[in-house]
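Under the working numbering, the first residue of the sequence shown carries the number 2, and numbering increases by one thereafter.
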Amino acid sequence: MKAGQNKAAIIADAVKHLTEQPLKTAAFNRPDCKNSLEIRRRHAKLRSLADAANPDFGPNGPETHEFLRRVANMTQVKLTTNHGDIVLELNAEKAPITVANFIEYVKAGHYENTVFHRVIGNFMIQGGGFEPGMKEKKDKRPSIQNEADNGLSNDKYTVAMARTMEPHSASAQFFINVADNSFLNHSGKNVQGWGYAVFAKVIAGTDVVDKIKGVSTTSKAGHQDVPADDVIIEKAEIIE
Numbered sequence: 002m003k004a005g006q007n008k009a010a011i012i013a014d015a016v017k018h019l020t021e022q023p024l025k026t027a028a029f030n031r032p033d034c035k036n037s038l039e040i041r042r043r044h045a046k047l048r049s050l051a052d053a054a055n056p057d058f059g060p061n062g063p064e065t066h067e068f069l070r071r072v073a074n075m076t077q078v079k080l081t082t083n084h085g086d087i088v089l090e091l092n093a094e095k096a097p098i099t100v101a102n103f104i105e106y107v108k109a110g111h112y113e114n115t116v117f118h119r120v121i122g123n124f125m126i127q128g129g130g131f132e133p134g135m136k137e138k139k140d141k142r143p144s145i146q147n148e149a150d151n152g153l154s155n156d157k158y159t160v161a162m163a164r165t166m167e168p169h170s171a172s173a174q175f176f177i178n179v180a181d182n183s184f185l186n187h188s189g190k191n192v193q194g195w196g197y198a199v200f201a202k203v204i205a206g207t208d209v210v211d212k213i214k215g216v217s218t219t220s221k222a223g224h225q226d227v228p229a230d231d232v233i234i235e236k237a238e239i240i241e
C-alpha cells in the first residue's frame with residue numbers, strides 16, 4: 002500500500018478506474034479473462050489494487066475475486082427453494098432491460114411462494130408465473146423488449162426469459178436450461194428467429210437444479226409437465 006493511502010482510498014481508486022474504463026463484466030467474472038488483452042490488463046490493475054487494499058487477499062485468493070466481483074457490481078440473486086438454494090449471476094451488460102425487469106420483480110417479492118410449474122428433464126425448468134396448486138400469479142409489469150440478440154447462448158445452467166409466441170412478450174416467467182439448447186438462440190429478427198433472451202447463469206446450486214429436473218411430473222389444471230409435488234421458490238433475494 003502506498004504511503005498515506007488507506008484501504009478506502011485504494012478501493013475508491015479501483016472504482017474510479019472501473020468507471021473510466023468500463024469492463025466487459027461477462028468476461029471479467031472469469032479469473033482467466035481470456036476474452037481480450039485489454040480486459041486482462043484491467044483485471045490485473047484491479048487485482049493489484051485489491052491486494053494493496055488488503056495484503057491478506059493474495060494474488061489469486063477467493064477474497065480478491067470477491068472484491069473484484071463487488072467492484073464490478075455484478076448482481077447475484079439467490080432463489081431459496083424447498084429443494085435447496087440456487088444462486089444466479091445476472092448479466093446487466095448483455096441484457097440490461099431483462100436484468101432490470103427481473104430485479105424489479107425480485108424486489109417486489111413477486112417470486113416468493115411461486116413454483117417451478119414446468120419441468121422437462123432434458124430441456125429446462127420454468128417458473129415465476131404460478132403459485133402452489135397451479136394458481137396463476139399475475140404479472141405486475143408490462144412486457145419487455147426481447148434481448149435474445151445479445152450474443153448469449155442458451156447453454157446448460159443459463160437462465161432465460163420465458164414468453165409466448167410473440168417475441169416481445171416476456172414479463173416475469175423465466176427458465177433455467179438443463180441442457181445446451183442452441184435452438185432457442187436468436188437467429189433473426191422475425192417471429193421464428195427471435196429466440197429466448199439469456200440474462201443470467203447459475204453459479205451455485207447446479208445440484209439443486211439437477212434435483213429439480215428429475216422430479217416426477219404430471220398434468221394439472223390444463224398444463225403438462227407439472228411437478229407432482231410442488232417445487233416452491235420460497236424466497237428470491239439480491240445478494241450483491
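Cβ atoms here follow ideal geometry from the backbone N, Cα and C, with glycine treated the same way.
Proximity below 8 Å, CB of residue i to CB of residue j
i: Asp230; j: Val216; result: yes
i: Lys236; j: Glu113; result: yes
Span of the beta strand (DSSP E) around residue i
i: Asn102; result: First-last for Asn102: 97-108, but that is the alpha helix (DSSP H), not the beta strand (DSSP E).
i: Val227; result: 224-228
i: Thr219; result: 218-221
i: Asp86; result: 85-91
i: Glu238; result: 233-239
i: Arg119; result: 115-121
i: Lys79; result: 77-82
i: Gln160; result: Rather than Gln, the amino acid found at residue 160 in this sequence is Val. Segment 159-162, the beta strand (DSSP E) holding Val160.
i: Gln127; result: 125-128
i: Asn178; result: 175-178
C-alpha gap between residue i and residue j, whole angstroms
i: Pro97; j: Leu91; result: 9 Å
i: Pro228; j: Gly134; result: 10 Å
i: Asp181; j: Pro143; result: 29 Å
i: Asn123; j: Asp156; result: 12 Å
i: Ala101; j: Gly223; result: 32 Å
i: Lys190; j: Tyr197; result: 12 Å
i: Ile145; j: Met166; result: 14 Å
i: Val88; j: Gln193; result: 31 Å
i: Gly85; j: His169; result: 32 Å
i: Asp150; j: Trp195; result: 7 Å
i: Glu132; j: Val116; result: 6 Å
i: Lys138; j: Phe103; result: 15 Å
i: Val78; j: Asp140; result: 19 Å
i: Thr207; j: Ser154; result: 18 Å
i: Ala163; j: Ala205; result: 21 Å
i: Val179; j: Ile240; result: 23 Å
i: Thr219; j: Gly152; result: 35 Å
i: Leu80; j: Ser188; result: 31 Å
i: Thr26; j: Val232; result: Note that Thr26 scores a pLDDT of 40, beneath 50, so its modelled location is shaky and nothing firm can be said.
Local Cβ density within 10 Å of residue i, reported as buried at 16 or more and exposed below that
i: Ile126; result: buried
i: Gln174; result: buried
i: Lys136; result: exposed
i: Asn83; result: exposed
i: Gln225; result: exposed
i: Glu148; result: buried
i: Ser183; result: exposed
i: Lys95; result: buried
i: Thr76; result: buried
i: Gly128; result: buried
i: Thr99; result: buried
CB-CB length for residue i against residue j, believed under 8 Å
i: His118; j: Gly110; result: Going by Cβ atoms, the distance from His118 to Gly110 rounds to 18 Å, so no, they are not a contact pair.
i: Thr159; j: Val107; result: Contact flag wrong, Cβ pair sits at about 18 Å.
i: Val203; j: Ile234; result: About 14 Å separates the two Cβ atoms, so there is no contact after all.
i: Val120; j: Lys221; result: Val120 to Lys221, Cβ: 12 Å. No contact.
i: Leu185; j: Ala161; result: 7 Å
Enclosing alpha helix (DSSP H) for residue i [first to last residue]
i: Val209; result: 207-214
is_contact[residue i, chain C] using C-beta, thresh 8 Å
i: Ser172; result: Here there is only one protein chain, and chain C is not present.
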